[in-house]
Amino acid sequence: MTTSQTNPLGPGYEGVAGSETRFRDIFRDTLRAEMIRDEDVFLMGEDISGGFDKDTKEPLDAWGGPFAATKGLVQEFGPERIRDAPISEAGFVGAAVGSALTGMRPVVDLMYFDFVTVAFDQLLSNAAKSRYMFGGQTKVPLTLFARSGAGTGHAAQHSESFYSMLAHIPGLKVVVPSDPYSVKGLLAAAIRDDDPVFVVNDKKLINLTGFVPDEEYVIELGKGRYMRRGSDVTLVGMSYTTVACQKAADQLAEIGIDAEVIDMMSLSPFDEDILIESVQKTNNVVIVDEDTPRASMASEFAAVIADKAFDYLDAPVKRVTAPHSPVPYNRDLEIEFMPSAEDVVGTVKNMLGRE
Amino acid sequence: MDISKEKLEWIYTTMYRIRRFEETMLEQTLKGNSMGVAHTSDGQEAPPTGICAHLTDKDWIGSTHRGHGHCISKGLETDKMMAEVFGKATGQCGGKGGSMHISDFSKGMLGANGIVGASIPLAVGAALTAKLKGIENESVGVSFFGDGASSQGVLHEAMNLASVWKLPVIFACENNGYAEATPSWYAVSAEDISARAEGYGMPGVVVDGMDVFAVYDAAGEAIARARAGEGPTFLEMKTYRYHGHFHADDTSKYRKAEEEEHYKKLDSIKHFERTVSKQKLMTEKKMKSIRDSIEQEMLDAVEFALSSPMPDVSTLYDDVYVNYSNPIAGLR
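Chains as they are written, first to last, in the working numbering: chain A, 478 to 832; chain B, 11 to 342.
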């Protein structure tokens, strides 16, 4: 990353106090801060405080929750608010919706993003639709989070990135942090938001570190950001592919191609303006998405650009995505499955006629 | 009988209101005044009435596609309900929900629900709110569902959760013998659905769902347990729907006339009338005055619904989100 051109925190953050922090740590710290801030916030999920001592019935916090996202929280907030759930995603997501409809602000850990499908009816038919079909008389201030993405040998049923399926649903909001800075601001915004919001964290981000300001802040849902300014081509990233885009931009810089990198951060709503503004400047765009390509966010962004910035394009919009296949287990196959910085560089070179 | 005079009047009024609302709504739907599909619950008046007789606006109920009786028992107004079925702006949901989504959050009604079984965990969630806020004694969750939903996985998950977390929940199964056209003797593996409650560590009770007093007594016990922090109860109320699965359904294709006649003899309203007359708890004059007032209420409800305006087309875009006005208004 060429820091002179990169300002992930945006203008106004120069000289702000903060520290290099791991994604997983700031995630937990943000959950904690929101639980302190609002006593209606509580967490539910499998193993978020378990196991339990057979004699005392006290939670043991054996794992610190899946991916250690809730480590130490049960000791601070107790088992009522850090509510360990049986393996029944439809049941407890439904209960979370009912609880949100009646005045609480539940936060649900769904562990692996793939498990969304087990609770899908509750998300689609109840969480997303209640406000609309009841004529605006209620709201569903529910937050869900889970881990997406390939690259960790979890195979086909623990590696999905199909956030496009959620973004498709009117009434749900979907955010995809790409670094410790964005997860802090997006998670806080999600919990404080009065609509159901799904926070999708790519597993490849969880142990990465990055600069996080000490101060409290939220990132407005529906806004993207420039990770790097450039004039030759726009690289559009979301979740972990923002990291891949930044690596690709570094490689492109070495061969004299000046790439701009956008991190979408939110998928529903999403920032149409930043896409159009950037394409109007660079006239070339590559969208990078680890989701499978059919009916994907990459396809949606391409459609918006074709619709609203067509006259500015010097070349067809290109998508670099996973193939239309389940995620494979074998490491070589899995690497081939994921869009890489090299894939992005190759696509840009073809697009600009540079070999 | 340990029911106050006021409560008896409320029970009779509520059951008669449900009966006449369903009959009136069906008639209006067949006339073409309703905008879509409507499911009637006449015949099944006793379960919601006998249960909601114990509830206040602070208690929550979840409901089904056959939800009018639940709504009325929870105190919703029939004019706004009728207007909703007619798709009018004055409807309970502004015409956005229709028959299958009537709700009133100010009355503790979490909404009728078009997905079979989907509202069950919502009532569990409402009970969880009560537990977290320490108000179990004044806010229980009642989940109404039918024999059809008893085969849905989410019921079993919700029962386990309610039991594991000891939540103030009543699982109120209205077994009317049919899931759409499929009889429960074919689709349900147990003689009594309530027998399954034992497997989830909660009492399961079979109740005569055509006898409102039996429902009232069983529900009273279950709700008292819930309010005392003793956890959930499963009530299976054996009942019968007089009309088809939905407004245009011809029951003669799958139910025998003798069976329908048998249940009409058990009619819950007639049973109530016989019981209170025999025990001299309510005069026929009083009952007639209640019936007359309901007849007028139905005329008024239809008039209100017919004369109400349609929603403005611009409301299509409202309330998808709380705080984000959807820029994707449509690609046209």
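The beta carbon of each residue, even a glycine, is placed where N, CA and C say it ideally should be.
query                                                                                                                           : result
Straight-line gap, Leu-578 (chain A) to Phe-611 (chain A) (C-alpha atoms, nearest Å)                                            : 12 Å
Min CB distance Phe-569 (chain A) to chain B below 9 Å                                                                          : yes
Three-state secondary structure (DSSP) of Arg-265 (chain B)                                                                     : coil
Rounded straight-line distance, which links the Cα of Asn-185 (chain B) to that of Ser-153 (chain B)                            : 13 Å
Cross-strand partners of Pro-193 (chain B) (DSSP beta bridge)                                                                   : B:Tyr-188
is_contact[Gly-85 (chain B), chain A] using C-beta, thresh 9 Å                                                                  : no
Contact check, Val-584 (chain A) vs Val-518 (chain A), beta carbons under 9 Å                                                   : yes
As assigned by DSSP and simplified to three states, the class of Thr-34 (chain B)                                               : helix
Inter-residue Cα distance where the pair is Thr-480 (chain A) and Ser-817 (chain A)                                             : Legend: pLDDT at Thr-480 (chain A) = 36, less than 50; position of this residue unreliable, no value from coordinates given.
Residue-level contact to chain B via CB, Lys-586 (chain A), 9 Å cutoff                                                          : The amino acid at residue 586 (chain A) is misidentified as Lys; the sequence shows Asp. No, Asp-586 (chain A) lies away from the interface with chain B (no Cβ there is under 9 Å from its Cβ).
Range covered by the alpha helix (DSSP H) that runs through Gly-823 (chain A)                                                   : 818 to 828
Minimum length 4: unbroken alpha helix (DSSP H) runs contained in the segment 573 to 636 of chain A                             : 607 to 610
For Ser-194 (chain B) and Glu-55 (chain B), believed in contact at Cβ under 8 Å, the rounded distance                           : Their Cβ separation, rounded to whole angstroms, is 20 Å, which puts Glu-55 (chain B) and Ser-194 (chain B) out of contact at 8 Å.
Closer than 9 Å to chain B by CB, Met-741 (chain A)                                                                             : no
Sheet register partners of Ile-71 (chain B) (DSSP bridge)                                                                       : B:Met-119 and B:Val-152
9 Å Cβ cutoff, Tyr-331 (chain B) in contact with chain A                                                                        : yes
Span separating the alpha-carbon of Thr-798 (chain A) from that of Met-815 (chain A)                                            : 7 Å
Nearest neighbour of Leu-744 (chain A), chosen from A:Phe-675, A:Glu-731, A:Glu-566 and A:Val-660 [CA to CA]                    : A:Phe-675
CA-to-CA distance, Val-179 (chain B) to Ala-339 (chain B), given in whole angstroms                                             : Confidence at Ala-339 (chain B) is low in this model, with a pLDDT of 48, below 50, so its placement is unreliable and the value that follows should be read with caution. Taking the straight line from one Cα to the other gives about 40 Å.
Own chain residues within Cβ distance below 7 Å of Pro-57 (chain B), not counting five before or after                          : Ala-182, Glu-184, Gly-219, Val-225, Met-247 and Thr-249
Sufficient close CB pairs (3 or more, under 8 Å) joining the segment 786 to 801 of chain A to the segment 758 to 776 of chain A : yes
Contact under 9 Å by Cβ, Gly-575 (chain A) with Gly-135 (chain B)                                                               : yes
Beta-carbon gap between Met-92 (chain B) and Ala-258 (chain B) smaller than 9 Å                                                 : no
Cβ-Cβ distance between Gly-97 (chain B) and Met-320 (chain B) below 9 Å                                                         : yes
Enclosing alpha helix (DSSP H) for Lys-6 (chain B) [first to last residue]                                                      : The question about residue 6 (chain B) has no answer here: the residues shown for chain B are numbered 11 through 342.
Per DSSP, the bridge partner or partners of Gly-687 (chain A)                                                                   : A:Thr-498
Within chain B, partners of Leu-578 (chain A) - CB distance below 9 Å                                                           : Trp-70, Phe-115, Leu-120, Gly-121, Leu-132, Gly-135, Ala-136 and Thr-139
Cβ-Cβ separation, Leu-138 (chain B) to Ala-539 (chain A) (assumed contact under 8 Å), whole Å                                   : So it is not a contact: roughly 24 Å between Cβ atoms.
Nearest-angstrom Cα separation, counted from Thr-261 (chain B) out to Glu-767 (chain A)                                         : 52 Å
Residues that Gly-104 (chain B) contacts on chain A, provided the C-beta gap is smaller than 8 Å                                : Gly-612 and Gly-613
Cutoff 9 Å: Lys-616 (chain A) Cβ touching any chain B Cβ                                                                        : yes
Three-pair Cβ contact test at 8 Å for the segment 655 to 667 of chain A versus the segment 687 to 701 of chain A                : yes
Simplified DSSP assignment, three categories, for Gly-714 (chain A)                                                             : strand
Chain-ordered residues of the segment 295 to 306 of chain B with a beta carbon less than 7 Å from chain A                       : none
Paired residues, beta bridge with Val-179 (chain B) - DSSP                                                                      : B:Gly-151
Pairwise C-alpha distance: Glu-553 (chain A) and Asp-670 (chain A)                                                              : 24 Å
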